[in-house]
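Residue numbers (our numbering), protein chains in the order written: chain A, 1 to 380; chain B, 1 to 380; chain C, 1 to 380; chain D, 1 to 380. C-beta: ideal position from N, C-alpha, C; glycine also. Reading through the structure tokens given below for one structure.
Protein chains: 4
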Amino acid sequence: MKKITLLSICVILVSFVLSGQEVSNGVMRLSEFSQPQKRNNILIPDVNGYKVLKCDFHQHTVFSDGEVWPTVRVQEAWNEGLDAISITDHMEYTPHKADLIPNNERPYEIAKPNALKKNVLLIKGAEITRATPPGHFNAIFIGNTAEYDTDNSKKENDRLAVMKAKEQNAFIFWNHPGWQPGIAGSYEWLPFVEDLYKNKALHGMEVINGTGLHMKALDWCVDKGLTVMASTDIHNLINLSYDISKDYVHRTMTLVMSKDRTPEGIREALESGRTVAWASKFLAGKEENVRNLFNACVKLSPSFYNENGKNGVVKYYEIQNNSDLYFELELTSGSGTKRVVLYPQTSQVITAAEGQDSLTYDVVTTYVRSDKHLSVSLSL
Amino acid sequence: MKKITLLSICVILVSFVLSGQEVSNGVMRLSEFSQPQKRNNILIPDVNGYKVLKCDFHQHTVFSDGEVWPTVRVQEAWNEGLDAISITDHMEYTPHKADLIPNNERPYEIAKPNALKKNVLLIKGAEITRATPPGHFNAIFIGNTAEYDTDNSKKENDRLAVMKAKEQNAFIFWNHPGWQPGIAGSYEWLPFVEDLYKNKALHGMEVINGTGLHMKALDWCVDKGLTVMASTDIHNLINLSYDISKDYVHRTMTLVMSKDRTPEGIREALESGRTVAWASKFLAGKEENVRNLFNACVKLSPSFYNENGKNGVVKYYEIQNNSDLYFELELTSGSGTKRVVLYPQTSQVITAAEGQDSLTYDVVTTYVRSDKHLSVSLSL
Amino acid sequence: MKKITLLSICVILVSFVLSGQEVSNGVMRLSEFSQPQKRNNILIPDVNGYKVLKCDFHQHTVFSDGEVWPTVRVQEAWNEGLDAISITDHMEYTPHKADLIPNNERPYEIAKPNALKKNVLLIKGAEITRATPPGHFNAIFIGNTAEYDTDNSKKENDRLAVMKAKEQNAFIFWNHPGWQPGIAGSYEWLPFVEDLYKNKALHGMEVINGTGLHMKALDWCVDKGLTVMASTDIHNLINLSYDISKDYVHRTMTLVMSKDRTPEGIREALESGRTVAWASKFLAGKEENVRNLFNACVKLSPSFYNENGKNGVVKYYEIQNNSDLYFELELTSGSGTKRVVLYPQTSQVITAAEGQDSLTYDVVTTYVRSDKHLSVSLSL
Amino acid sequence: MKKITLLSICVILVSFVLSGQEVSNGVMRLSEFSQPQKRNNILIPDVNGYKVLKCDFHQHTVFSDGEVWPTVRVQEAWNEGLDAISITDHMEYTPHKADLIPNNERPYEIAKPNALKKNVLLIKGAEITRATPPGHFNAIFIGNTAEYDTDNSKKENDRLAVMKAKEQNAFIFWNHPGWQPGIAGSYEWLPFVEDLYKNKALHGMEVINGTGLHMKALDWCVDKGLTVMASTDIHNLINLSYDISKDYVHRTMTLVMSKDRTPEGIREALESGRTVAWASKFLAGKEENVRNLFNACVKLSPSFYNENGKNGVVKYYEIQNNSDLYFELELTSGSGTKRVVLYPQTSQVITAAEGQDSLTYDVVTTYVRSDKHLSVSLSL
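Dropping the structure here:
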């Protein structure tokens with residue numbers, strides 16, 4: 001009898017389990033379709049000895065006009081493989097104040113324990129929100145937010161607010177320049193901006209905000225030595241804005257080439273301008289940075305096959321993208337494969353006529369100025 | 001000259017656009033990988049003239065211990081094709097109160113305008129949160145939450161709180177029975193529950209909460225005529241708990257067979273017990289409801305081919321799943337295909353020996369009691 | 001002892017099964033990632049009482065210059081939800097003849113038993129392969145292929161070959177007109193074509209071949225009453241050419257609006273011209289057919305919400321795509337939502353100013369001529 | 001006038017292109033949903049200086065009972081990131097011979113040019129197909145197939161056939177031992193097998209064939225020093241058997257730890273037994289090989305956070321899977337996270353009580369014997 005009972009239990013268990021279910025304390029687990037909690041690492045090789053950190057320094061929560069509790073930003077960042085984030089709620093704009101007590105210290109305080117446990121670097125930040133022009137500035141690595149003047153109805157306070165951030169030794173960047181195209185002068189290098197720049201109170205620009213590449217901002221960064229930044233400026237949920245279910249899709253971010261994975265390393269890299277903006281298929285940044293990144297990610301094999309054609313010998317090469325970035329190349333000089341699409345972690349075979357030293361391509365998914373792609377020479 | 005200029009502009013525009021970019025006011029759109037905003041309809045045919053509404057009546061926001069603003073619940077619901085939702089924050093548990101002013105009217109008020117514009121039916125609700133046992137009860141179709149006693153330290157208030165919901169003419173269901181297995185008596189049909197039941201202050205049970213099928217709750221619903229409910233009890237983001245990137249994955253929900261897509265229709269259906277719980281690959285509910293749902297979704301074609309084998313004639317049929325549900329069938333009687341897996345919106349070919357009226361299958365991904373699958377007879 | 005043994009076996013079995021493995025006869029099944037065999041139904045509602053059959057009448061196998069055995073074409077068709085296919089190997093081009101004995105009867109004979117068992121309608125066909133111009137013609141519903149003259153070096157045989165197909169009562173369409181742009185006259189309405197047309201030996205044109213929409217062919221079909229055809233002309237594997245892993249991606253096909261799912265029904269529909277070409281996001285066909293298809297798939301709800309804005313009342317509607325097709329609409333007249341993207345089986349909310357009878361949109365993912373989209377009026 | 005015309009052309013072009021279309025010679029490209037041709041690299045770090053080559057040495061074509069032309073096997077291999085393949089058609093079983101002239105030299109000859117151009121290493125092979133027992137043997141690195149005796153009706157030829165392969169200096173492995181469980185003795189270490197083994201005419205065993213892990217074969221390999229092999233034995237299309245649309249799904253393969261990416265390197269590694277079988281989520285092989293592979297792929301970070309709990313200090317670590325393999329770990333000794341699921345290229349946070357040197361886990365998705373998982377010790 002006992003044996004039969006045991007066998008029955010066994011059979012019942014197996015039969016449940018075969019259908020993908022587990023029973024414990026009268027509750028059957030139907031977890032087949034649940035989302036596994038995991039950090040999805042974004043693969044980018046080191047660039048000349050620097051680690052390439054994935055960073056998003058412009059995000060909102062319910063403490064300004066966002067729609068999530070600060071903890072969500074850490075959870076999203078961990079899932080999507082970010083190394084460092086800032087929560088930068090508007091200091092002067094708190095539309096939820098009927099329900100939520102305004103306090104710009106709270107997003108950082110609330111998110112911090114989660115960040116510590118998930119190994120996500122949380123950089124304290126805030127968005128200085130002034131009427132356009134000049135518009136909004138992000139300050140990260142900031143001190144106490146209570147020190148900021150929050151009355152943004154007075155124009156004279158605009159400068160005071162940004163200079164307060166400078167006093168706190170913040171890293172300051174101009175957000176989405178030209179975001180309100182209807183306002184005259186809003187997309188210009190204003191005296192206000194020139195003043196901050198001269199006084200070393202402006203260190204970077206948001207060249208990409210969400211899905212928008214601010215073309216003038218890229219050129220200003222290149223011409224004036226400002227740091228290229230890219231951020232989501234997310235207010236609701238990342239997965240409602242980005243189709244991250246596809247493994248080749250990532251949120252907009254700043255790639256920071258840093259000595260190590262620490263806040264100090266990031267700060268040094270930002271001050272040295274070692275960043276590339278990444279959004280969708282596209283990279284934007286200073287030519288040197290984009291070139292170094294490309295060279296770290298894309299490798300050409302030696303020729304592995306020669307084919308005798310009617311126009312002479314054609315040599316075969318493998319070109320490999322060792323990263324989760326995307327590159328599209330168009331031939332500008334030489335005789336070889338005209339167009340090369342390098343999806344993340346894939347290779348292509350390209351061919352070249354014998355007797356050439358190199359092929360030259362425009363990497364048309366990169367911008368090193370608003371009107372210029374990175375040009376690369378592949379040595380044969 | 002002018003012509004050339006125009007042509008150049010044209011070429012530049014085309015060249016940008018070919019790379020998937022559009023430029024407006026100096027901002028280039030990199031929207032290729034952005035998430036399209038859309039309502040993803042869940043396809044389930046009408047069941048005997050009733051519409052099958054997709055409902056989740058147990059969800060949290062920052063107003064209790066959730067991590068999102070109420071508007072997010074509407075946005076998620078719309079994206080995932082839900083017809084009706086309730087936000088049911090804990091009346092008596094408000095861990096964010098240092099930052100957020102407790103007020104159980106607010107989640108409904110804040111979400112309502114978005115729900116109206118998205119055509120998502122928002123049913124006012126709340127979670128009555130008492131110590132276990134008895135634990136938590138959800139009340140939907142409620143009145144003013146200010147009337148509720150929120151001091152849950154006093155045991156005598158437990159009954160008062162639920163009866164207040166009944167006075168407001170709420171539909172009341174017991175949440176996740178047995179959720180704290182360590183507590184003696186927590187998964188029993190307690191006198192407290194019996195009292196509510198007799199006084200018509202208990203109308204349903206959460207048979208599925210998140211990914212847990214509460215087996216006793218299913219049997220109680222079947223035996224005592226309570227309504228079968230399934231809900232997410234979501235606190236953070238749906239996409240962090242459910243792998244909804246896969247098109248065959250949906251959040252846990254109650255399928256409500258309703259005369260029309262209105263709150264009144266839903267109320268009538270809930271009171272009449274016309275529901276099926278759906279989570280992962282599994283359906284649970286009263287046999288009649290699960291059978292009607294299966295019959296609406298799965299159709300067997302007439303035989304389309306006869307094959308002469310050594311053991312006589314074998315007839316071929318097509319079995320079609322016209323829904324986004326999932327069914328797995330195992331033959332229990334008759335001579336034919338032993339196992340049939342019906343993914344959403346797919347068909348299979350099955351065979352049967354000639355000379356039979358029917359094949360009988362257990363639909364092993366359904367539960368009509370904790371220990372019983374739906375048995376279906378397919379007429380040949 | 002025995003009890004312990006049984007329990008151990010039980011535990012071992014459960015432990016294996018928990019890891020997703022089943023053991024039988026010393027072989028453990030690791031089937032988690034295997035591809036389920038199933039027919040993925042493509043959902044398109046009936047159009048004015050006609051079933052919309054999914055058909056691909058131009059495919060190759062190893063019997064001409066293809067790379068698969070004929071059975072593969074049936075298996076692919078079943079998986080991808082096709083109703084009817086033709087295998088149309090080149091009669092006069094058999095590059096594998098060193099290994100494979102040329103015989104154009106064999107692809108049909110070999111594929112037939114699989115087609116019968118999978119309920120895929122297999123229409124006998126062949127490609128009449130002449131030098132360009134005129135190029136290639138597909139003949140389906142053909143008789144014995146041995147009757148065809150296969151010497152295509154003689155120009156006078158071009159007409160004989162097509163007329164032989166006509167004698168066999170075939171349905172004949174011109175494949176990929178203009179496919180060799182380098183050849184003068186290859187994309188013209190040649191006397192040769194005119195002669196066939198006048199003699200009722202030309203019934204349709206391949207408006208879409210693979211991923212190419214042959215624009216002149218569409219206009220010829222519209223102007224001369226020929227049937228619009230779309231086909232893959234697949235030589236290797238469907239999944240190497242189409243990214244069918246994404247559930248909204250399908251191979252190129254002809255949508256045939258047929259009285260029933262039979263070869264006879266298809267023949268009647270082809271002769272009556274009730275077809276729409278479908279490839280990628282795009283539909284092409286005669287205006288009446290495309291309009292009927294659109295109307296069957298897309299439904300506008302009554303207004304479900306009114307909003308009082310500063311410019312008057314705005315009414316909200318839900319527009320629903322009940323099909324696996326894709327539609328993109330741009331407003332051409334009226335005051336309302338300017339652009340509507342209708343992914344498969346999704347809905348959007350659109351708004352319209354009060355006091356209008358309708359909004360007019362161009363469905364920019366359709367072509368009813370090479371330079372004209374379908375224009376639809378949505379009644380408010 | 002001219003300017004307007006140019007502008008119009010420009011606008012028309014842009015308007016087409018915006019919809020994702022390009023027009024050339026009257027043909028519009030609708031390529032949005034087409035499958036990009038690319039090599040999807042499978043990422044596995046080097047193991048102790050050896051490259052981990054992805055190999056499938058058992059595949060069929062139309063030249064025996066497969067359903068594809070030999071070129072397809074190269075195309076599939078390239079797409080799926082394989083380094084080396086063999087086509088191993090049955091020497092003695094040619095069911096397509098009514099249409100196809102049997103010749104076992106042809107699959108290799110036909111596939112070779114494609115393999116050269118795609119940089120896929122093509123190893124000449126064949127399947128020696130004898131009645132069970134003993135069943136089938138694969139021979140790779142073979143010479144001329146014409147030398148083989150193909151009359152498999154005579155039992156005495158079984159040994160002759162395998163010894164002929166040995167004479168040609170082939171690497172020989174026993175395929176799917178026990179594949180016909182109904183035949184007595186078919187899953188035993190037969191005298192026939194012992195004879196081959198003693199005469200060094202048997203070098204490996206197919207431990208995994210398709211989705212079946214042959215448990216006795218694993219133990220035989222471990223006990224007798226034979227090389228562990230895994231292969232698809234594919235007959236139709238890889239994508240019809242494996243759900244490779246999901247990026248974490250790969251076909252069954254042998255991971256060969258080789259000095260370099262050459263046939264010679266592979267041969268040396270096979271003879272040295274440096275292989276691991278990979279199918280679905282599972283790895284099987286000799287303990288040393290599986291351990292080395294695990295150690296190369298999975299890294300534990302130093303502790304990054306300490307938490308003071310009521311039971312003392314808990315330390316936080318990041319465990320990172322740097323490969324496209326999948327690992328599932330269950331704690332067997334120590335106080336820490338009980339279960340760790342490491343999806344490809346992801347990390348998890350694990351915790352451990354302070355004051356321990358290590359945690360010990362069973363890697364339950366590996367088999368180093370039929371009844372034993374790899375046990376790993378993670379140093380804290």
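Taking the alpha helix (DSSP H) that residue i falls in, what are its first and last residues?
i                 : result
Tyr108 of chain A : 106-118
Ala161 of chain A : 157-167
Ile194 of chain B : Reading off the sequence, residue 194 of chain B comes out as Glu, not Ile. Where Glu194 of chain B is concerned, the enclosing alpha helix (DSSP H) stretches over 191-198.
Leu237 of chain D : First-last for Leu237 of chain D: undefined, no H or E at that position.
Please name the residue, chosen from the options, that lies closest to residue i on a Cα-to-Cα basis.
i                 : options                                : result
Val290 of chain C : C:Ala161, C:Trp278, C:Leu213, C:Leu300 : C:Trp278
Ile208 of chain C : D:Met28, D:Ser24, D:Glu22, D:Val23     : D:Met28
Trp220 of chain B : B:Val68, B:Gly210, B:Glu206            : B:Glu206
Around the Cβ of residue i, are there at least 16 other Cβ atoms within 10 angstroms (buried) or fewer (exposed)?
i                 : result
Gly66 of chain A  : buried
Val376 of chain D : buried
Val349 of chain D : buried
Lys118 of chain D : buried
Asp324 of chain B : buried
Val363 of chain C : buried
Pro133 of chain B : buried
Asn292 of chain A : buried
Pro264 of chain D : It is worth fixing the name first, because residue 264 of chain D is Glu in this sequence and not Pro. It counts as exposed.
Pro70 of chain B  : buried
Cα separation between residue i and residue j?
i                 : j                 : result
Pro177 of chain A : Asn311 of chain C : 30 Å
Glu92 of chain A  : Ala98 of chain B  : 21 Å
Arg369 of chain B : Ala161 of chain D : 60 Å
Glu127 of chain A : Phe327 of chain C : 40 Å
Lys299 of chain B : Pro36 of chain C  : 20 Å
Val23 of chain B  : Glu271 of chain A : 30 Å
Asp158 of chain B : Lys216 of chain B : 22 Å
Gly204 of chain A : Trp179 of chain A : 16 Å
Phe282 of chain C : Ala146 of chain D : 52 Å
Asn144 of chain B : Ser64 of chain B  : 17 Å
Ala395 of chain B : Leu213 of chain A : The question about residue 395 of chain B has no answer here: the residues shown for chain B are numbered 1 through 380.
If I'm right that residue i touches residue j with Cβ under 8 Å, what's the distance once you round it to whole angstroms?
i                 : j                : result
Thr232 of chain A : Asp56 of chain A : 5 Å
Arg274 of chain A : Tyr50 of chain A : 7 Å
Ala84 of chain D  : Ile42 of chain D : Their Cβ separation, rounded to whole angstroms, is 13 Å, which puts Ala84 of chain D and Ile42 of chain D out of contact at 8 Å.
Terminal residues of the continuous beta strand (DSSP E) containing residue i?
i                 : result
Thr71 of chain C  : Element bounds for Thr71 of chain C: not the beta strand (DSSP E) but the alpha helix (DSSP H), 70-79.
Met257 of chain C : 253-258
Cβ of residue i less than 8 Å from any chain F Cβ?
i                : result
Gln59 of chain B : In the structure shown, chain F cannot be found, because the protein chains are A, B, C and D.
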